[in-house]
Ligand SMILES: [Zn+2]
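Numbering (our numbering), first residue to last: 1 to 151.
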């Protein structure tokens, strides 16, 4: 028997995508019906899709919509703010599905979020601040989705 929750995992160290790629129960065998397979994996896949959409695609529209002249540089700065995820390297394990990064990793702490908000006041750093805050909101939304699907 598989002990898979709605997020599509057996353990806490595999994401639903990794699990889908490496374990592949059901869909190519008769273990479970394909409808059941979709029912099990869709929420986790949807969560990943929303998360990476907000990390990579949504900032592009912000850059194009609000910084038309410097849209490429702005978008690259938004992408560069992803470097705050380097603080995950301090954690053990580095990646753990279902773990909420907000309030856990140092650069995702509430104090750090407050500092990012203050950076909005410095015009030269405003784009960096927006990128960092978008990142925190994205990770926060992921925490919310995990609170529903992850057990
Ligand atoms: Zn993050």
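Where is the CB? At the ideal position from N, CA and C, for every residue including glycine.
Residue i vs residue j beta-carbon contact at 9 Å
i, j, result
"residue 102", "residue 95", "no"
"residue 91", "residue 78", "no"
"residue 52", "residue 64", "no"
"residue 82", "residue 108", "no"
Distance, residue j Cα to residue i Cα
i, j, result
"residue 142", "residue 36", "24 Å"
"residue 144", "residue 60", "23 Å"
"residue 40", "residue 98", "16 Å"
"residue 100", "residue 66", "30 Å"
"residue 139", "residue 146", "10 Å"
"residue 122", "residue 113", "15 Å"
"residue 124", "residue 93", "36 Å"
"residue 50", "residue 149", "14 Å"
"residue 58", "residue 38", "26 Å"
"residue 80", "residue 118", "19 Å"
Cβ neighbours of residue i in the same chain (closer than 8 Å, five flanking residues each side left out)
i, result
"residue 116", "129, 132, 133 and 136"
"residue 120", "126, 129, 130 and 133"
Sequence-distant residues of its chain with Cβ nearer than 6 Å to residue i (five each side left out)
i, result
"residue 106", "87"
Residues near residue i by beta carbon distance below 7 Å, same chain, minus five either side
i, result
"residue 85", "none"
Is it a yes or a no for the region 67-82 touching the region 40-53, going by three-plus beta-carbon pairs under 8 Å? no
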